[in-house]
Amino acid sequence: KPVWWVALLSTAVIFVGSYLLFLKMLQVFIYRKIKLIYKLISHTKASKKEEFYYKNLLPQQTIEEVRLDVEKWAEEKKLEIETLKQNEVFRKEFLQNLSHELKTPIFAIQGYIDTLLNGALYDKDNNISFLQKAGRNAERLVGLTRDLDEISKLESGQVNIAAENFVIQDLVKEVFDSLYLKAKDRGIALGIKKGCEAPLMVSADREKIRQVLINLIDNAIKYGKDNGIVEASFYKVEDKKILIEISDNGVGITEDHLPRVFERFYRTELARTRKVGGSGLGLAICKHIIEAHDQTIHVRSKKDVGTTIGFTLEEK
């Protein structure tokens, strides 16, 4: 029985099957390409719609506002980062200065005690001298802890302002009297500037303003020139305020140091080299007290000419 037709039929089936498979694969390929082209066309249309919307429907002013908002936000974040970096620097400086201010009197007291224990006990005059020096350093340490407590309360807002009416010139004269001997030792004259004698009534916490004046006048004596002058002046300014200024004709402060004079423990190079006493917190305390009165304090100075620190109080 001939089998050639079986071979022919098998070949035909394979050919037809292959052809149909080819058509199916071609269909799938073409379908995918058409689908991809459709997506691209759709995306292009959407992009053109968005472009048309932003160019024609969204006001150009709004686009500009958005751009400015983004730039403002970026600038704010940049400033925040810079502030954090600066605060970290200030924190380290504060801790270093605090450590120095605490160690200095403590080591001095320890040194005097060691000296007494190692043989000076048999010399009465030396004993008294060492004890006096140890006592002065103990007073410095007590003053530092008191100032730290004071500024901690001021910075945390734990301060009550007991306002009363008083003549500011009278309070300044009281402070002058209390610091007279200290000024006399250096030949420094204390006085009220000519033309500023007329009594001016202010409303403030008298004891806290006394503290401010003591700090400012004491600093003026410390950093003033021998045989110089420390002068107080008073002026009426706008918004029913009185401006009080304490001036000296001392060595002054260089311009690069001025922005930081009200920082805790901050001292200029001159202050470090002259070894003047004090906690290094006086001006920071002054700033907080004046700001607690909702008033302002400022400083101006010129090297080798002198320094003026002024603050305002409410006129009554």
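The sequence shown begins at 270 in my numbering and counts up one residue at a time.
By construction, the Cβ of each residue, glycine as well, lies at the ideal position given by its N, Cα and C atoms.
Since we're looking at a predicted model, the values are computed, not measured.
Residues that DSSP places opposite residue i in a beta bridge
{"i": "A458", "result": "I498"}
{"i": "S516", "result": "E500 and T577"}
{"i": "S570", "result": "T576"}
{"i": "V436", "result": "M470"}
{"i": "K585", "result": "Answer is none; K585 lacks a bridge partner."}
{"i": "V506", "result": "K510"}
Proximity winner among the options, relative to residue i (alpha-carbon distances)
{"i": "L417", "options": "A553, Y381, S502 and E466", "result": "A553"}
{"i": "A489", "options": "R479, I430, P374 and L448", "result": "L448"}
{"i": "H567", "options": "K477, G519, I515 and V574", "result": "I515"}
{"i": "N518", "options": "E560, R569, K341 and E345", "result": "R569"}
{"i": "R455", "options": "L337, E466, K494 and K347", "result": "K494"}
{"i": "I397", "options": "L385, N406 and A407", "result": "L385"}
{"i": "K442", "options": "K453, L459, E433 and A432", "result": "L459"}
{"i": "G464", "options": "D487, E424, E500 and T414", "result": "E500"}
{"i": "K477", "options": "A407, E433 and A377", "result": "E433"}
{"i": "I437", "options": "K451, A452, I461 and R415", "result": "I461"}
{"i": "V520", "options": "K453, K585, Y492 and E584", "result": "Y492"}
{"i": "E466", "options": "D446, N387 and I513", "result": "I513"}
{"i": "L413", "options": "I350, T373 and F435", "result": "T373"}
Exposure label - residue i; buried when at least 16 CB within 10 Å
{"i": "Q401", "result": "exposed"}
{"i": "V411", "result": "exposed"}
{"i": "I511", "result": "buried"}
{"i": "D474", "result": "buried"}
{"i": "A403", "result": "buried"}
{"i": "T577", "result": "buried"}
{"i": "Q379", "result": "exposed"}
{"i": "F580", "result": "buried"}
{"i": "G426", "result": "exposed"}
{"i": "D573", "result": "exposed"}
{"i": "R543", "result": "Interpretation of R543 is limited by its pLDDT of 47, a score under 50 that renders its predicted location unreliable; the figure taken from the coordinates is listed afterwards. Exposed, by the Cβ-count rule."}
{"i": "D487", "result": "buried"}
{"i": "A343", "result": "exposed"}
{"i": "L327", "result": "Bear in mind that a pLDDT of 48 at L327, under 50, signals an unreliable position, so the number given afterwards is only what the model happens to contain. Flag for L327 reads exposed."}
{"i": "G575", "result": "buried"}
{"i": "V471", "result": "buried"}
{"i": "L450", "result": "exposed"}
{"i": "I382", "result": "exposed"}
{"i": "N406", "result": "buried"}
{"i": "I559", "result": "buried"}
{"i": "L337", "result": "exposed"}
{"i": "F376", "result": "exposed"}
{"i": "L348", "result": "exposed"}
{"i": "D496", "result": "Here residue 496 is Asn; the residue named in the question, Asp, does not match the sequence. Exposed, by the Cβ-count rule."}
{"i": "N387", "result": "exposed"}
Beta carbon of residue i nearer than 8 angstroms to that of residue j
{"i": "I522", "j": "I457", "result": "no"}
{"i": "F531", "j": "K556", "result": "yes"}
{"i": "V444", "j": "R409", "result": "no"}
{"i": "F582", "j": "Q564", "result": "Here residue 582 is Leu; the residue named in the question, Phe, does not match the sequence. Taking 8 angstroms as the Cβ cut-off, L582 and Q564 qualify as a contacting pair."}
{"i": "R529", "j": "I420", "result": "no"}
{"i": "L482", "j": "F503", "result": "no"}
{"i": "H562", "j": "I430", "result": "yes"}
{"i": "K509", "j": "E424", "result": "no"}
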